[in-house]
Structures are given as structure tokens and as C-alpha cells.
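Asker:
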Amino acid sequence: MPNSARILSVVRELEPQLPALLGEKATEVRNQISPLLDQLVAGQSDGSDLLKVLCAYPKLAEELRQRFDQQQNDDFFDDLASRETIEFSRGYSQPAGTPNSAIAGQRYICPVPDCPEDWFRRGVGQSPPLCEEHGVVMVEDAG
1 MPNSARILSV VRELEPQLPA LLGEKATEVR NQISPLLDQL VAGQSDGSDL LKVLCAYPKL
61 AEELRQRFDQ QQNDDFFDDL ASRETIEFSR GYSQPAGTPN SAIAGQRYIC PVPDCPEDWF
121 RRGVGQSPPL CEEHGVVMVE DAG
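Taking the UniProt record's numbering, the leading residue of the sequence shown gets 1, the next gets one more, and so forth.
#1: State the Cα-Cα distance for the pair Phe120 and Tyr57, rounded to the nearest angstrom.
#2: Quick check on this structure: which residue in Leu130, Val137, Cys55, Pro2 has the alpha carbon closest to the alpha carbon of Gln32?
#3: I'd like the list of long-range same chain contacts for Lys59, defined as Cβ closer than 7 Å, with 5 residues on each side in sequence excluded.
#4: Identify the residues that DSSP records as bridge partners of Phe120: which are they?
#5: Apart from the five residues just before and just after Ala26, which ones in its own chain have a Cβ nearer than 6 Å to its Cβ?
#6: Round the Cβ separation of Val10 and Phe68 to the nearest angstrom and send it over; I've been treating them as touching at under 8 Å.
#7: Distance check for Ser4 and Glu63, CA to CA, integer angstroms please.
#8: State the Cα-Cα distance for the pair Glu84 and Gly43, rounded to the nearest angstrom.
#9: Would you say Arg65 reaches chain C, if we count a Cβ-Cβ gap shorter than 8 Å as a contact?
#10: Going by beta carbon distance, what residues of the same chain come within less than 7 Å of Leu50, once the five residues before and after it are set aside?
#11: When burial is assigned at 16 or more other CB atoms within 10 Å of the CB, is Pro2 buried or exposed?
Below, the structure written as C-alpha cells:
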């Protein structure tokens with residue numbers, strides 16, 4: 001991957017050419033890359049996120065290939081393009097072992113009318129606490 005200083009330099013050279021390269025999409029791309037450029041300048045990014053956005057547009061990807069040392073970075077751009085394709089083709093799937101729905105908790109309330117205190121039992125073996133306001137044991141909410 002090119003170093004962050006080189007990425008910054010090349011992207012700043014390309015920025016004024018965005019309207020000629022992308023037409024109507026130039027403003028949209030400029031809005032996408034502006035915060036990423038700021039992060040790169042501040043040292044909060046290595047520039048890969050910025051390159052991902054730019055490589056999503058074939059004309060910009062080709063310009064970037066031409067401006068960077070091709071022998072050294074062709075593999076990077078090929079890898080980036082294939083990763084983007086894979087990421088967009090995958091749908092979201094929940095991690096293995098994670099329940100598909102939330103585990104229901106049992107709600108307990110203070111038996112004193114109009115008391116806003118409540119508590120949820122999230123596991124087995126927990127006893128309902130005392131209401132902090134009234135000092136009485138909370139009861140299972142029927143509603």
C-alpha cells in the first residue's frame with residue numbers, strides 16, 4: 001500500500017479533476033472524501049478507507065493506478081477491488097452462537113401506586129430488589 005503522505009498528495013492532485021472525471025457525482029464524492037482527508041492529515045487514518053471510496057469509481061481507480069508506482073501497488077488495488085466486491089456481495093449474518101432474538105427479561109415494579117421504579121430479572125436465581133424509594137420488595141409486573 002502507498003504511504004499516507006503519497007496518498008494525500010495524489011488525492012489532492014485528483015480533487016480538482018473530480019468534475020471532469022465524474023460529472024454530477026463529483027460533489028457527492030467530494031463530500032465523502034472530505035472527512036477522510038481530514039482524518040488522514042490528522043494521522044488518524046492510513047488512507048485505506050479513502051482509497052476504498054475512490055476505487056469504487058472506475059475512472060478514479062484507473063487514475064490512482066496511473067499515479068502510484070504500478071509495480072509496487074497493483075496488487076494492493078487488485079486486492080482492494082476484490083475485497084470491495086466480496087463485502088458488497090455478502091449479506092449480514094449474525095455471528096455464530098449469538099441468539100437470534102433478545103432474551104426476555106421479567107419486569108418487576110414497586111407495589112406502591114405511581115412509583116416509577118422498575119427492575120428486570122435477566123437470569124435465573126436473582127431475587128427482586130427493594131424499591132429504593134419506598135423500601136418494599138418489588139413485585140412481578142402483570143401488565
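Cβ coordinates follow ideal geometry from the N, Cα and C atoms, glycine included. Being a predicted model, the structure only gives us computed values, none of them experimental.
Answerer: On the basis of the data shown:
#1: Start at 1 with the first residue of the sequence shown, and residue 120 comes out as number 120. Start at 1 with the first residue of the sequence shown, and residue 57 comes out as number 57. Each residue's alpha carbon lies about 50 Å from the other.
#2: The sequence position of residue 32 within the sequence shown is 32, counting from 1. If we check each option's Cα against that of Gln32, Cys55 comes out closest.
#3: One-based indexing of the sequence shown puts residue 59 at position 59. The beta carbon of Lys59 sits closer than 7 Å to those of Leu21, Leu22, all from its chain and outside the five residues before and after it, given in chain order.
#4: Position 120 of the sequence shown, counted from the first residue, corresponds to residue 120. Beta-bridge pairing links Phe120 to Arg107.
#5: As a position in the sequence shown, residue 26 is number 26, starting the count at 1. The answer, listed in chain order, is Leu18, Pro19.
#6: Within the sequence shown, the letter at position 10 stands for residue 10. Within the sequence shown, the letter at position 68 stands for residue 68. That belief holds up - the Cβ atoms of Val10 and Phe68 are roughly 7 Å apart, short of 8 Å.
#7: Within the sequence shown, residue 63 is the residue found at index 63, counting from 1. Within the sequence shown, residue 4 is the residue found at index 4, counting from 1. CA-CA distance, Glu63 to Ser4, rounds to 17 Å.
#8: In the sequence shown, counting from the first residue as 1, residue 84 sits at position 84. In the sequence shown, counting from the first residue as 1, residue 43 sits at position 43. Low local confidence applies: a pLDDT of 46 at Glu84 is under 50, so the model's placement there is unreliable, and no value is given.
#9: Of the protein chains in this structure there is only one, and it is not chain C.
#10: By one-based count along the sequence shown, residue 50 stands at place 50. For Leu50, where only same-chain residues beyond five positions count, the Cβ hits under 7 Å are Ile7, Val11, Ile33, Leu36, Leu37, Leu40.
#11: For the purposes of this step, residue 2 is taken as residue 2 along the sequence shown, with counting starting at 1. Label assigned to Pro2: buried.
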